[in-house]
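One gets the numbering used here by counting positions in the sequence shown from 1 and adding 1 to each.
Quick reminder that beta carbons are idealized off the backbone N, C-alpha and C, glycines included.
This report concerns only the one structure given below.
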Amino acid sequence: WFDRATFYPPDPIFALTAGFIADPDPNKVNLGQGTYRDDEGKPWILSSVHQAREKLISQKLYHEYLPILGLAEFRSRAAEVALGTRIYREHKETLATCQSLSGTGSLHLTGLLLRAVLNPLPKVFIPEPTWSNHHQIFRALGFECQSFPYYDYANKTLDFDSYISTLESAEPHSIFILHACAHNPTGCDPSKSQWEQIGQIFKDRQLFPLFDAAYLGFNSGDVDEDAFAIRYFVDDLELETAVCMSFAKNMGLYGERVGCTVLVAKNSLTARNTESMLEMLQRSEVSNPPGFGAKIASTVLGDEQLKGAWYEDMVTMSGRIRSMRTQLHDLLVSQATPGSWNHLVNQTGMFGFLGLSPKVVEQLRDQYYIYMSANSRISLAGLNSHNVEYVARSIKTCLED
Ligand code: LMR
């Protein structure tokens, strides 16, 4: 039965984590997978999440099935996070929402839905570079995926001209994967005015925006700021839009798989039909989503005090990441590391996109036990006051070799 199975290499991001864990060197540094760490290099349970968890456990926490679409309060509170209170209230009737298995599950579910309702199947345009799972998810669903240039490797900036020309030449009804903020891996986001320009082309050319929203609030510490593009597309441009939300990073609920699919439809009838399809698709995929993480997230979002604590937690996380970004930059510059490093401080979000060659990335791993993605993306949260000098020094030594 399985003779025709071919061997797939392990996922590069998870393989990196496994390699790091297996490495016995005491100086090892993990700058691979995007998971938040505190200054001691330890996972961090957000204070808001901790309080919500205690509250839930002090009440009677049953382990019953959730409804197929997930926890109703969570779905509406998550949609309110993405859209903001006013837009959420105004669009409530035209939303189709479904709790999902974090961002990946949400992208997959949205892909399933689009595949079921669109004929012929449009192309899915995916920025190059992008998060490594995007191609895999949409290819596995049978979509033709087309990369488009997003990053100017020579100047280490957003390649806005190529972006615009791709939008202008794509067939109407094409689907575009958009990173709502904190583009993974480059950390280069369009400015607000560039988003406005991008959005207008979506409207004029009838393209479909599918936002991967994994870093709302985690990017800048301010959800409203990070959700600018989503809200502009939905509210100002009145576009039908998909938002695939993950609470892995911004609530530190990585393993709980807490996500939400928020689809903004044309009218309430379409929204109701769409939601019924999400329910049918979810039933055949996972039957019903996991409860614990969604209950935690819903408790945080449904309580003003806990929500305030969550905002502060996001300021703590994004602030520490920003400070590591600056420290690494300053150290690279002050020790006269070959090359220019401005791009590092011009980037935003969880990652630094260093621009090192694969050979240097390998050397850093093999000689200095510093782990990062092959494209030299580093998770800045892996840096701390104990290892940032070691990392900067090691990069300098490798570049001088
Ligand atoms: C990452 O990009 O490192 C994270 O989003 C983790 C993952 O699932 O790939």
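* Confirm the yes/no value for this check: CB of G35, any heavy atom of the ligand LMR, distance under 7 angstroms. => yes
* To do: Just the C-alpha distance for L96 and A337, rounded to the nearest angstrom, thanks.
  => 53 angstroms
* Cβ-heavy atom distance, W1 to the ligand LMR, below 7 angstroms -> Only positions 2 to 402 of the chain appear in this structure, which leaves residue 1 out of reach.
* Asked: Is A181 near D227, with beta carbons less than 8 angstroms apart?
  -> yes
* Asked: Can I14 be considered in contact with the ligand LMR, in the sense that its beta carbon sits closer than 7 angstroms to one or more heavy atoms?
  -> yes
* Alpha carbon to alpha carbon, how far is I178 from L400? Give it in angstroms, no decimals. => 35 angstroms
* For K308, which option in H51, T7 and Q34 has the closest C-alpha, if you only look at C-alpha atoms? -> H51
* CB-CB under 7 angstroms to H1, same chain, minus the five flanking residues each way: which ones, in chain order? -> For the chain, the structure presents residues 2 to 402; residue 1 sits outside this window and is missing.
* To do: May I ask which residues mark the beginning and end of the beta strand (DSSP E) holding M373?
  => Counting along the chain, M373 falls outside any beta strand (DSSP E), and DSSP gives it neither H nor E.
* To do: Please state whether DSSP places Q328 in a helix, a strand or coil.
  => helix
* **Pair within 8 angstroms by beta-carbon distance, R38 and A382** => yes
* From S358 to L345, what distance separates their C-alpha atoms? -> 16 angstroms
* To do: Could you check what DSSP says for P150 in three-state terms: helix, strand or coil?
  => strand
* Alpha carbon to alpha carbon, how far is G218 from I165? Give it in angstroms, no decimals. => 27 angstroms
* With DSSP run on the structure shown, which of helix, strand or coil describes A215? -> coil
* Per DSSP, which residues does Q100 bridge with? Please list them. => C261
* To do: Taking F161 and P191 to be in contact with their CB atoms under 8 angstroms, please state how far apart those CB atoms are, rounded to whole angstroms.
  => 7 angstroms
* Asked: Start and end of the alpha helix (DSSP H) containing V346?
  -> N343 to N347
* Thinking G350 and G222 are a contact (beta carbons under 8 angstroms), I'd like their distance in whole angstroms, please. => Wrong, their Cβ atoms sit about 11 angstroms apart, outside the cutoff.
* Can you have a look at P68 and say buried or exposed, based on whether 16 or more other CB atoms are within 10 angstroms of its CB? => exposed
* At a cut of 8 angstroms, does the region 323-335 reach the region 384-391 through at least three beta carbon pairs? -> yes
* Is it right to say I371 is buried, meaning 16 or more other beta carbons lie within 10 angstroms of its own, or is it exposed? -> buried
* Asked: Any heavy atom of the ligand LMR closer than 7 angstroms to the Cβ of N31?
  -> no
* CB contact flag (L142, L282, <8 angstroms) -> no
* Please confirm if G35 has its CB atom under 8 angstroms from at least one CB of chain C. => In the structure shown, chain C cannot be found, because there is only a single protein chain.
* Any idea what DSSP makes of L357, helix, strand or coil? -> coil
* Examine the ligand LMR and report whether any of its heavy atoms sits within less than 7 angstroms of the Cβ of N185. => yes
* **Span separating the alpha-carbon of T300 from that of E363** => 44 angstroms
* Around the Cβ of F8, are there at least 16 other Cβ atoms within 10 angstroms (buried) or fewer (exposed)? -> exposed
* **Among Q195, N28 and T271, nearest to G42 - alpha-carbon criterion** => N28
* Asked: Can you list the beta strand (DSSP E) stretches of 3 or more residues lying completely in the region 218-303, in chain order?
  -> 242-247 and 259-265
* To do: Can you tell me which of the three DSSP states E390 falls into?
  => helix
* **Residue environment, V30, which counts as buried when at least 16 other CB atoms sit within 10 Å** => buried
* Asked: Is R232 closer than 8 angstroms to L84 when the C-beta atoms are compared?
  -> yes
* Asked: Who pairs with H174 in a beta bridge, going by DSSP?
  -> BP columns for H174 are empty, so no partner.
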